[in-house]
Structures are given as C-alpha cells and as structure tokens.
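Read the structure below first, then the notes.
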Amino acid sequence: MIDRAEDLIARLGLEKHPEGGYYRETYRSEDALAAENLPERFSSGERSLSTAIYFLLAGEDFSALHRIRSDEIWHFYAGGTLVVHVLDQSGQYTRHRLGNACDGDDSFQVVVKAGCWFGASLEKPGTFALVGCTVSPGFDFRDFELAERGELLRLHPGARMIIEKLTR
Numbered sequence: 000m001i002d003r004a005e006d007l008i009a010r011l012g013l014e015k016h017p018e019g020g021y022y023r024e025t026y027r028s029e030d031a032l033a034a035e036n037l038p039e040r041f042s043s044g045e046r047s048l049s050t051a052i053y054f055l056l057a058g059e060d061f062s063a064l065h066r067i068r069s070d071e072i073w074h075f076y077a078g079g080t081l082v083v084h085v086l087d088q089s090g091q092y093t094r095h096r097l098g099n100a101c102d103g104d105d106s107f108q109v110v111v112k113a114g115c116w117f118g119a120s121l122e123k124p125g126t127f128a129l130v131g132c133t134v135s136p137g138f139d140f141r142d143f144e145l146a147e148r149g150e151l152l153r154l155h156p157g158a159r160m161i162i163e164k165l166t167r
C-alpha cells in the first residue's frame, strides 16, 4: 500500500504539510469576503470564499492536532479508514471514521467546526488514506494554529491520551 501512496504523492504533486502528511491545494475561489464581513474570530485581511485540498497520510504518519477559524469538511477518496479526532472548545473528544461508507461504520464526509482542535491518524498503521478537505471561508495560514502539547494538556487534562498521541 505504501507504493500506492508514493505513486499518488508524485502523480498529484503533493507536498509535505506542517501538521504531517502531504497536501496540494486544488481550488481557491476567486471571490472573497472583505475583512469587515468576516466573523470576529478572523485576523485581519480578506478571505477566499472557499478552498479545497488533497490530503494524504501514509505509514505511521499523523495529522497533528491543530485548529482553524473556519469549518472544514473532510471527504474520503481512496485507501483505508482515516480516524479524525476532534476536541471541541469544552474538551469533549469525538472520534470520526472517514472511509468507504459502503463498508461498516465509516462516513464519506466528516465536518469539523471552526475553533475545534483536530487531527487525524490511520486506523491501520502502514496503510494510506487519500482524502480531500474543503474549508469555508477559505483556508489561510493566518488562521492555522498547531497545538502545543503542554498548553493543550493544561486546558484539557481529560484528553491526555489523544493529545500525547497527536502532538509532536
């Protein structure tokens, strides 16, 4: 399966992502929202209406816990089941299975609400998963925050296991 992942990385032109895994932006709306029309949680500057990426995890890699200021919809494309781990603002943990919904308990789509901490891991290490992520308002690295293990453990001590698993 890893050979297939390497083939997809090359064929789709994916690059390493700061949170882990590989990605490539495939769509950015030419329309934008002016800063004054965005919710207060956004930093300065306009935002594209929507963006989309390919995202691939393979082997033992994981998507480290992070949060953004927009809702993000994950879409399954190929490979094995990807587990999307979400910690909401109160520290409530939810585990979503993103995969071939024709097989068992998986879903083709998972929605992560703005402001939640989230990351992802492969259900079966050594496999791969190719997914897509759609963000609206569009993704901007000004809105991206990678979790710091110590700070997140202080805020949500009840989620220790998942925080330790999905932070670097």
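If you count the sequence shown from 1, position 25 lands on 24 in numbering that gives the first Met the number 0, and the numbers rise without skipping.
Backbone N, C-alpha and C fix where the C-beta goes; we use that ideal spot for every residue, glycine too.
As the structure is a prediction and not an experimental result, all values here were calculated from the model.
Mind checking who residue i pairs with in its DSSP beta bridge?
{"i": "D70", "result": "S135"}
{"i": "Q108", "result": "H74"}
{"i": "P93", "result": "According to the sequence provided, residue 93 is Thr. The question's Pro does not apply to it. BP columns for T93 point to V85."}
{"i": "L121", "result": "L81"}
How should residue i be labelled, buried or exposed, when 16 other C-beta atoms within 10 angstroms of its C-beta is the threshold for buried?
{"i": "E29", "result": "exposed"}
{"i": "Y53", "result": "buried"}
{"i": "E71", "result": "buried"}
{"i": "I161", "result": "buried"}
{"i": "C132", "result": "buried"}
{"i": "I1", "result": "exposed"}
So the candidates are the options; which of them puts its Cα closest to the Cα of residue i?
{"i": "T166", "options": "L7, P17, G12 and A9", "result": "P17"}
{"i": "P136", "options": "A113, K123 and P156", "result": "A113"}
{"i": "A57", "options": "G157, E122, H155 and R159", "result": "E122"}
Contiguous beta strand (DSSP E) assignments of at least 3 residues, all confined to the stretch 128 to 167: none
Given 8 Å, three or more beta-carbon pairs between the stretch 71 to 78 and the stretch 145 to 155: no
Whole beta strand (DSSP E) elements within the stretch 23 to 67, 3-residue minimum: 50 to 57 and 61 to 66
Three or more C-beta pairs below 8 Å linking the stretch 136 to 143 and the stretch 49 to 66: yes
At least three beta-carbon pairs within less than 8 Å, the stretch 29 to 40 to the stretch 117 to 130: no
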